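To start, the structure under review is shown below, and the notes come after it.
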Amino acid sequence: MASTVTNGDGRCDRPLLEGEALAAGTYELVFRVGDYFAGRGQGGPAPRFLDHVVIRFGIAAPAEHYHVPLLISPFGYSTYRGS
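In this note's numbering, each number is its position in the sequence shown, counted from 1, plus 1.
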């Protein structure tokens, strides 16, 4: 399993998968938000309310663009298929 760190804007500098590596199927992203908030002095004492956020999603049409944003606070999050 590959590990990627986001840049200062919270984005990946390049696609995680592209070309033939991106096939139809089910994928999972794991965001280690507990580490992120701890590094910023946020999120409260351990155990944190949110530590790992797992997003499992399906790709039906690999030729299309898939952007999976995570909007996060120490106590909640949302995600969607972005453009």
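Note that CB positions come from ideal geometry on N, CA and C, so glycine has one too. Source: prediction; values computed, not measured.
Query: Tell me the residue span of the alpha helix (DSSP H) that contains valine 34.; Result: 34–40
Query: Taking tyrosine 81 as part of the beta strand (DSSP E), name the residues at either end of that continuous run.; Result: Neither: tyrosine 81 is in no beta strand (DSSP E) and is coded neither H nor E.
Query: Does the Cβ-Cβ distance between phenylalanine 100 and histidine 53 come in under 8 Å?; Result: The requested residue 100 does not occur in the structure, where the chain is confined to residues 2 to 84.
Query: By DSSP's criteria, glutamate 29 is part of a beta bridge. Which residues make up the other side?; Result: Arg57
Query: Going by DSSP, name the residue or residues bridged to serine 74.; Result: Gly77
Query: Which one or two residues does DSSP pair with histidine 66 in a beta bridge?; Result: Its beta-bridge partners do not exist; DSSP assigns none.
Query: If you reduce the DSSP assignment to three classes, tell me which class alanine 44 lands in.; Result: Reading the sequence as shown, one finds glycine at residue 44 and not alanine. If DSSP states are grouped into helix, strand and coil, glycine 44 belongs with coil.
Query: Could you give the DSSP three-state label for glutamate 21: helix, strand or coil?; Result: helix
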